[in-house]
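Residues 136 to 460 (the numbering used here) make up the sequence shown, in order.
The C-beta atom is built at its ideal place from N, Cα and C for all residues, glycine as well.
First comes the structure, then the notes that go with it.
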Amino acid sequence: MEFFTTLFVGYPMWVWLMFFGFVLALLAFDLGVLHKEQHEITVAESLKLSAFYICMGLLFGAWLWWYKGSTAGMEYLTGYLIEKSLSMDNVFVIALIFSSLGIPRLYQHRVLFWGIMGVIVLRAIMIGLGAALVAQYQGVLVLFGLFLIFTGIKMLFSNDEHGDIQDNKFYKWLRSKMRFTPSLHQEKFWVRGEDHQLSKGWWATPLFLALILVETADLVFAVDSIPAIFAITQDPFIVYTSNIFAILGLRALYFALAAMVHRFEYLKYALSVVLVFIGVKVGLVYFNHEGIVDFKIPTALSLGVTFGLLLAGVLFSLWKTREQK
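Shown next, in the form of C-alpha cells:
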C-alpha cells in the first residue's frame, strides 16, 4: 500500500476530498440532469458538454494556481494538455470498439460514463505506483524518458492501423471465459438468462463487453501518458487531477471527435515530437538531481513548446484535409 501513501502525501485530506467531491458532483450533474433521459447525443451537444468540462478543468487549474503558485498551475495546464492530446488516438480505438460490437450511439454515453468510474480508480493506482517508484528510485525517470523517446519515434513511423477488434487476443479470451448474450438488451450490462430464453444465471451483454474493452484501452494509453506527465512534474496530485479532468472532457467530446477524427491524421507527427521533447526533459530531471548537468527546461517553456507543437499539428491537419467531408 506504499503507493497509496505516496499518492496522498503533500496535500491535506480536505484538498483530496474537495477534488473527489467536485468530480463526483460533475458526474452526478451529467447523469442526473443532462442525461436523465436516455437519448442519442448530437455533435452540437457533445461540443457543449466538452466546453463545460474544459471550463471546469481550467477553473480547477486556476484554483490550484492560487493555492500552490504559478509553477504548480503551469504544471497542471501542461499535464492537462498532454493527456488530452495523447488520448486522441484513444477516441479512434473506442469508435472501433463500438462499431465492431454494434453499440448504437443511443447507449454509447452510458458506456463512457461508467468507464470514467473505472478510470478514477485505475489511474489512482497507476499514478500512485509511479510516484512511489520515482520517490524510491530516481533512476526510473531515465527509463521513463527513454520509453517516451522510443514511443515518439515509433509513433512517427507507425501506419495508424489498429486492426480488427475480433482478432484481439484479449477480446477472444473474454468471449471464452464469460457468458455474453447474443444481442443487446437496451441499456443493461447484465441480464438474467431465464428471463431471455437463455440458460439460468446472469449473462453479460455486449454493452458490458464494450465497457471492459474501453477500460482496457484506457489502461494501454495510460502507459504512455502517465510517464509523460511525470516528466513535467513529480507531484502526484497534479499528475492525477490533470489526468482525470482531461479524460472527463475527452469522453464528453467523443461524439464530436469520432465523426471527424480523420481530420487530425497529421497530429501524430506533432505528438511524436512532443513525446521526444518530454522524454529529453524527464531525463534532464534525473541528471539535474544527480548533479551531472546543470540545465533545466523551465515549466513555462515546456507549456509553450507543447502547446505550440500541438496547435501547429492541429492547424496543419485541418488545412491538409480541408477538402474532406
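- Here Lys323 has Thr340, Leu342 as same chain residues with Cβ atoms under 8 Å from its own Cβ, once five neighbours each way along the sequence are excluded.
- Looking at the DSSP output, Phe315 sits in a beta bridge with Ala339.
- A Cβ-Cβ distance of about 6 Å is found for the pair Leu283 and Ala363, placing them in contact under the 8 Å criterion.
- For Ala447, the CB contacts under 8 Å within the same chain, skipping 5 residues up- and downstream, are Ala405 in chain order.
- Beta-bridge analysis with DSSP links Arg327 to Trp337.
- Ala381 is the residue among Lys455, Ile427, Ala381 whose C-alpha sits nearest the C-alpha of Ala186.
- In the three-state reduction of the DSSP assignment, Phe399 falls in the helix class.
- Shown here, Asp165 sits in a helix according to DSSP, grouped into three states.
- Under the DSSP assignment, Gly237 falls outside any alpha helix (DSSP H); it carries neither an H nor an E label.
- About 5 Å separates the CB atoms of Gly214 and Ile367; that is less than 8 Å, so the two are in contact.
- Taking Thr177 as reference, the option from Leu385, Ile413, Leu241 with the minimal CA-CA separation is Leu241.
- Contact holds between the segment 284-291 and the segment 410-424, because three or more Cβ pairs, one in each stretch, are under 8 Å apart.
- Remark: three or more beta-carbon pairs, one from each stretch, lie closer than 8 Å, so the segment 154-167 and the segment 371-391 are flagged as touching.
- Fewer than three beta-carbon pairs drawn from the segment 414-421 and the segment 253-264 are found closer than 8 Å, and the two stretches are therefore not classed as touching.
- Going by C-alpha positions, Gly328 is about 6 Å away from Trp338.
- Between Leu402 and Ser437, the C-beta spacing is not below 9 Å.
- Under a 10 Å Cβ-count criterion, Gly204 is classified as exposed, with fewer than 16 other Cβ atoms of the shown protein chains found around its own Cβ.
- Counting other Cβ atoms within 10 Å of its Cβ, His174 stays below 16 and is therefore classed as exposed.
- No Cβ-Cβ contact shorter than 9 Å links Pro371 with Ala207.
- Between Asn225 and Phe399, the beta carbon gap of about 13 Å keeps them out of contact (Cβ cut-off 8 Å).
- For Glu322, no alpha helix (DSSP H) encloses it, and the DSSP letter there is neither H nor E.
- The straight-line gap separating the alpha-carbon atoms of Trp454 and His320 is approximately 43 Å.
- For the 9 Å CB-CB criterion, Thr434 and Ile217 do not form a contact.
- Closest option to Ile432, judged by alpha-carbon separation, among Leu445, Leu444, Val449, Gly414: Gly414.
- Phe372 carries a helical assignment under DSSP once its states are collapsed to helix, strand and coil.
- A Cβ-Cβ separation of about 24 Å leaves Ser360 out of contact with Ser235 under the 8 Å criterion.
- Annotation: the continuous alpha helix (DSSP H) that includes Glu218 extends over 205-221.
- Around the C-beta of Tyr272, fewer than 16 other C-beta atoms lie within 10 Å, and the residue is accordingly described as exposed.
- For Ile288, the enclosing alpha helix (DSSP H) begins and ends at 275-291.
- For Thr177, there is no enclosing alpha helix (DSSP H), as DSSP marks it with neither H nor E.
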